[in-house]
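Sequence lines, in order, name chains A and B.
Numbers given in my numbering equal positions in the first sequence, counted from 1, plus 128.
Numbers given in my numbering equal positions in the second sequence, counted from 1, plus 128.
Every residue, glycine too, gets a C-beta built ideally from N, C-alpha and C.
Remember, predicted model here, so these are calculated numbers, not experimental data.
There are 2 protein chains.
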Amino acid sequence: MAPERYPQLELDSQLCFPLYAASRAVTRRYADLLGEVGLTYPQYLALLGLWSASAPLTVGELGARLSLDSGTLTPVLKRLEGAGWVSRRRDPEDERRVLVEPTAEGWALRERVADVPQRLVEGMGLDVAELVQLRQLLDRLRTALG
Amino acid sequence: MAPERYPQLELDSQLCFPLYAASRAVTRRYADLLGEVGLTYPQYLALLGLWSASAPLTVGELGARLSLDSGTLTPVLKRLEGAGWVSRRRDPEDERRVLVEPTAEGWALRERVADVPQRLVEGMGLDVAELVQLRQLLDRLRTALG
DNA sequence: CGCAATCATATTGTGCACAATTAAAAGAGG
DNA sequence: CCTCTTTTAATTGTGCACAATATGATTGCG
Chain A
129 MAPERYPQLE LDSQLCFPLY AASRAVTRRY ADLLGEVGLT YPQYLALLGL
179 WSASAPLTVG ELGARLSLDS GTLTPVLKRL EGAGWVSRRR DPEDERRVLV
229 EPTAEGWALR ERVADVPQRL VEGMGLDVAE LVQLRQLLDR LRTALG
Chain B
129 MAPERYPQLE LDSQLCFPLY AASRAVTRRY ADLLGEVGLT YPQYLALLGL
179 WSASAPLTVG ELGARLSLDS GTLTPVLKRL EGAGWVSRRR DPEDERRVLV
229 EPTAEGWALR ERVADVPQRL VEGMGLDVAE LVQLRQLLDR LRTALG
């Protein structure tokens, strides 16, 4: 039963655990900052996707940007709708689709969270070059895994 | 409302989304591989922690290694217990504590997942040096965020 | 046209994450 | 001893993630 017979199964020796733990740590930090305006982290990501679009997005389009399916997005969007930050309506030209876009309040919220990325980066302990490098490695990882 | 007025709020321009998306992509890949033996990814992580220990761990000790609290770990460990892979018992010397350790079947499971890390790395599209670098950056990030 | 196949979203069920609360046990001081 | 505080898990409640399924709308094809 000696653990040293399976060095590849040590928690920190592979990539999975550091990635999982770092992701949760960042999410927790975001939750602290976003709690001030009443947003969760996935709700914030959904708004980032909607803010970046020049027109209303369908649930499927937003899901493609976030790699999230309707089972996750539908309740997130309904909570954002309930809070008054997004509107949801069936596309009159294709009743299968639901068009989502920020409300006026949702657009205004963007200003209130504009400083969140900078505040987060300040606590990360990495310089700009390292952040860029980390992002590139993560993007390649995500692309490779489909 | 021009999106270009908030470049720091673009999905891919900050670190949070690539990290979040990459972590979910890796978890999905693990789920594929671990589904063969009937494990979820958090269950696998809990077993990694227990396999590395030379003696039974308390819930708190395992939680410290995984950065997970009892609200998450207790149901995970109960499901592992229900599947016959770990045992849970109160510490006779301190009845507040619950001692957790793999059963014989739980130890045997280690051999069946021994090739999972290698199989995962093969689909990542990164060479060994890049994996080491990525892990180091993630560890520093996690340390900095507490 | 009729209708089977496809598509877009919603719903259901399971399993995390995590904050907040509860409850029981152990230690500390008087 | 006997409370008061601390420690340790479990429980409760909310909100994701995601697979599987259901529902309804659209498209193609004969």
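- If you check each beta-carbon in the segment 178 to 191 of chain B against every beta-carbon of chain A, the ones closer than 8 Å belong to Trp179, Ser180, Ala181, Ser182.
- Under DSSP, Val226 of chain B shares a beta bridge with B:Arg218.
- With its beta carbon at least 9 Å from every one in chain B, Pro203 of chain A lies outside the interface.
- Contacts with chain A (Cβ-Cβ distance below 8 Å) from the segment 216 to 244 of chain B involve Trp235, Arg238, Val241, Ala242, listed in chain order.
- DSSP, read as helix, strand or coil, puts Thr186 of chain A in strand.
- For Glu164 of chain B, the closest Cβ of chain A is not nearer than 9 Å.
- Contact check for Val165 of chain B against Val241 of chain B passes: the beta carbons are separated by less than 9 Å.
- The beta carbons of Leu139 of chain B and Ser180 of chain A sit about 6 Å from each other, so the pair counts as a contact at 8 Å.
- Remark: three or more beta-carbon pairs, one from each stretch, lie closer than 8 Å, so the segment 212 to 231 of chain B and the segment 174 to 191 of chain B are flagged as touching.
- For Gln246 of chain B, the enclosing alpha helix (DSSP H) has its first and last residue at 244 to 250.
- Between the segment 244 to 264 of chain A and the segment 244 to 259 of chain B there are fewer than three inter-stretch CB-CB distances shorter than 8 Å, so the stretches are not counted as touching.
- Taken through DSSP and simplified to helix, strand or coil, Asp267 of chain B comes out as helix.
- Its Cα nearest to that of Gln264 of chain B, the residue A:Ala149 stands out among A:Asp197, A:Glu239, A:Trp235, A:Ala149.
- In chain order, Ala272, Leu273 make up the part of chain A whose C-beta sits under 8 Å from the C-beta of Gly251 of chain B.
- For Gly210 of chain A, the secondary structure class from DSSP, reduced to helix, strand or coil, is helix.
- Of the candidates A:Asp255, A:Gln136, A:Gln171, A:Gln171 places its Cα closest to the Cα of Leu208 of chain A.
- If you look at Thr168 of chain A, you'll find it isn't in any alpha helix (DSSP H); DSSP assigns it neither H nor E.
- Spatial neighbours of Leu162 of chain A in its own chain (CB-CB distance under 6 Å, excluding positions within 5 residues in sequence) are listed in chain order as Tyr172.
- Of all residues in the segment 143 to 165 of chain A, those with a C-beta nearer than 8 Å to a C-beta of chain B are Leu143, Cys144, Phe145, Pro146, Leu147, Tyr148, Ala149, Ala150, Ser151, Arg152, Ala153, Val154, Thr155, Arg156, Arg157, Tyr158, reading in chain order.
- In terms of Cβ geometry, Leu178 of chain B and Val214 of chain B form a close pair [threshold 9 Å].
- Contact annotation: Gly251 of chain A and Leu273 of chain B have beta-carbon atoms nearer than 9 Å.
- Rounded to the nearest whole angstrom, the C-alpha separation of Leu269 of chain A and Ala236 of chain A is 34 Å.
- A direct Cα-Cα distance of roughly 23 Å separates Leu175 of chain A from Leu259 of chain A.
- Annotation: Gln171 of chain B has no Cβ neighbours in chain A at a cutoff of 8 Å; minimum Cβ distance is about 13 Å.
- In this structure, Leu262 of chain A places its C-beta atom within 9 Å of the C-beta atom of Leu143 of chain B.
- Each of B:Phe145, B:Tyr169, B:Leu266 was checked against the Cα of Arg156 of chain B, and the nearest Cα belongs to B:Tyr169.
- At a cut-off of 9 Å between beta carbons, Leu137 of chain A contacts chain B.
- In the DSSP annotation of this structure, Thr231 of chain B is not part of any alpha helix (DSSP H), being labelled neither H nor E.
- Using beta-carbon distances, Arg207 of chain A does not count as an interface residue toward chain B, since no partner is under 9 Å.
- With contacts defined as CB atoms closer than 9 Å, Asp267 of chain A and Pro135 of chain B fail to qualify as a contacting pair.
- Across the set A:Thr271, A:Leu137, A:Ala183, the C-alpha of A:Ala183 shows the shortest separation from the C-alpha of Arg216 of chain A.
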